[in-house]
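Okay, so here's the structure we're looking at.
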Amino acid sequence: MDNVLRLQYLEAMGIPVWVSKTLPKADSLELEASTDAASPEPETVAEILDALPEAAPDDWGSLAAEVAACTRCGLCTTRKNTVFGAGDPHADWLLIGEGPGQQEDEQGLPFVGVAGQLLTEMIRAMGLSREQVFITNIVKCRPPNNRDPHVDEVASCNGYLQRQIALIQPKIILAVGRIAAQTLLDTTAPLAKLRGKVHSLNNIPVIVVYHPAYLLRSLPEKRKAWQDLQFALRVRKEQQ
Ligand code: URA
Numbered sequence: 001m002d003n004v005l006r007l008q009y010l011e012a013m014g015i016p017v018w019v020s021k022t023l024p025k026a027d028s029l030e031l032e033a034s035t036d037a038a039s040p041e042p043e044t045v046a047e048i049l050d051a052l053p054e055a056a057p058d059d060w061g062s063l064a065a066e067v068a069a070c071t072r073c074g075l076c077t078t079r080k081n082t083v084f085g086a087g088d089p090h091a092d093w094l095l096i097g098e099g100p101g102q103q104e105d106e107q108g109l110p111f112v113g114v115a116g117q118l119l120t121e122m123i124r125a126m127g128l129s130r131e132q133v134f135i136t137n138i139v140k141c142r143p144p145n146n147r148d149p150h151v152d153e154v155a156s157c158n159g160y161l162q163r164q165i166a167l168i169q170p171k172i173i174l175a176v177g178r179i180a181a182q183t184l185l186d187t188t189a190p191l192a193k194l195r196g197k198v199h200s201l202n203n204i205p206v207i208v209v210y211h212p213a214y215l216l217r218s219l220p221e222k223r224k225a226w227q228d229l230q231f232a233l234r235v236r237k238e239q240q
C-alpha cells in the first residue's frame, strides 16, 4: 500500500496524522519501517492500526488539570473552584454525588458542608474513612443556587467522570442521591425504585443510596439509609 493511501486511510478513520515539516511530502514519504526487511510494510487497515504507537495513557494529573481549567459549560462562569473529588485514587469504593454546593465551591472539595458531615458519618458507619474511598460528583462545578444540574452540564462533565472511573477502577460505586443515580444509570426511575438493587456500570456494581441532604430533611428515612449501606457492604463482601 502506498503512503498516500495509508495517510488517507488514517485520516478517514479520524486518526491524526502528523508529518514532520522537515520530512518530504506524504507522496514521497518513506516510512522507516519500510526499509526494514524484518518488518514488512503493513498492507491492511488492521495491520496499520497494530503498527501505530499506543495512545498516551490517561493519567490522574492531566485529568485533574483539565478539570481545573474546564470551560465546557456555563457553570465555569459562576464557579469559584472546580471540585475534582477527594480520597484514594485507587479506592475500592467510589461515591458519586450530584454536584458541589456552596461550601464545596468555596473549598474545592466534595461533601464538606453539613450534608458532607453526614456523609462522613455514613462512611464511618460502614467501617471506612474518607481517605479510604474516593468521593466525587456528577458535575464538577456548582450549579447556581444549588439547582439541579442541566442536561448539557451533565453531558459536558460526563467524560471527566468516565475517565475517573476508568482510572480508579473501583470495585463498587455508591450513587449518592437521585440525580447521581438517574444520571449514572440513565433512567428516570424514582430513587425508591432504584435502591435495594444491584445495578451495573461497565461491570461495576452500583448501589443507590439516599443523599445525606435528603436525610437531613427527612430523619425517619435514616433507618432506610442504613439498610442501603448494609446492603452495599454485603454486595462488596460477596465479591471478596
Ligand atoms: N451535595 C453533593 O451532591 N455533592 C457535594 O459535593 C456536596 C453536596
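Using the working numbering, you'd call the opening residue of the sequence shown number 1 and step up by one each time.
Here a beta-carbon is modelled for each residue, glycine too, at the ideal position from N, C-alpha and C.
As the structure is a computational prediction, the values presented were derived from the model and not from experiment.
When the Cα atoms are used, residue 150 and residue 81 turn out to be separated by approximately 19 Å.
Using a cutoff of 7 Å, the CB of residue 213 counts as near the ligand URA, since one of the ligand's heavy atoms is closer than that.
Per DSSP, reduced to three states, the secondary structure at residue 82 is coil, with no helix or strand assignment.
Contact between residue 97 and residue 137 holds, since their C-beta atoms are separated by about 5 Å, short of 8 Å. Shortest gap from the CB of residue 225 to any heavy atom of the ligand URA: 7 Å or more. Contact annotation: the segment 147 to 161 touches the segment 68 to 79, with at least three C-beta pairs closer than 8 Å.
Assigned with DSSP and collapsed to three states, residue 158 falls in helix. Within its own chain, the residues whose Cβ lies closer than 8 Å to the Cβ of residue 229, once the five positions on either side in sequence are excluded, are 122, 125, 126, 209, listed in chain order. About 17 Å separates the beta carbons of residue 185 and residue 139, which is beyond the 8 Å limit, so they are not a contact pair. Comparing alpha-carbon positions, the option among 189, 172, 170, 113 lying closest to residue 178 turns out to be 189. For residue 134, the Cβ stays outside the 7 Å cut-off from all heavy atoms of the ligand URA. Residue 207 is positioned such that its CB atom lies closer than 8 Å to that of residue 231. In the structure shown, residue 91 adopts coil according to DSSP, grouped into three states.
Between residue 134 and residue 175, the gap from beta carbon to beta carbon reaches 8 Å or more. In summary, residue 78 is exposed, with fewer than 16 beta-carbon neighbours lying within 10 Å of its beta-carbon over all protein chains present.
If you look at residue 194, you'll find it isn't in any beta strand (DSSP E); it sits in the alpha helix (DSSP H) that goes 191 to 194.
Using a 10 angstroms sphere on the CB of residue 105, the tally of other CB atoms reaches 16 or more, which defines it as buried. Residue 65 counts as exposed, since fewer than 16 other C-beta atoms from the protein chains shown sit within 10 angstroms of its C-beta.
By DSSP's assignment, residue 136 forms a beta bridge with 96.
95 is the residue among 95, 143, 239 whose C-alpha sits nearest the C-alpha of residue 164.
Not one heavy atom of the ligand URA is found less than 7 Å from the C-beta of residue 154. When the five nearest sequence neighbours on each side are left out, the beta carbons in the same chain lying within less than 8 Å of the beta carbon of residue 198 are those of 205, 206, 207, 235, in order along the chain.
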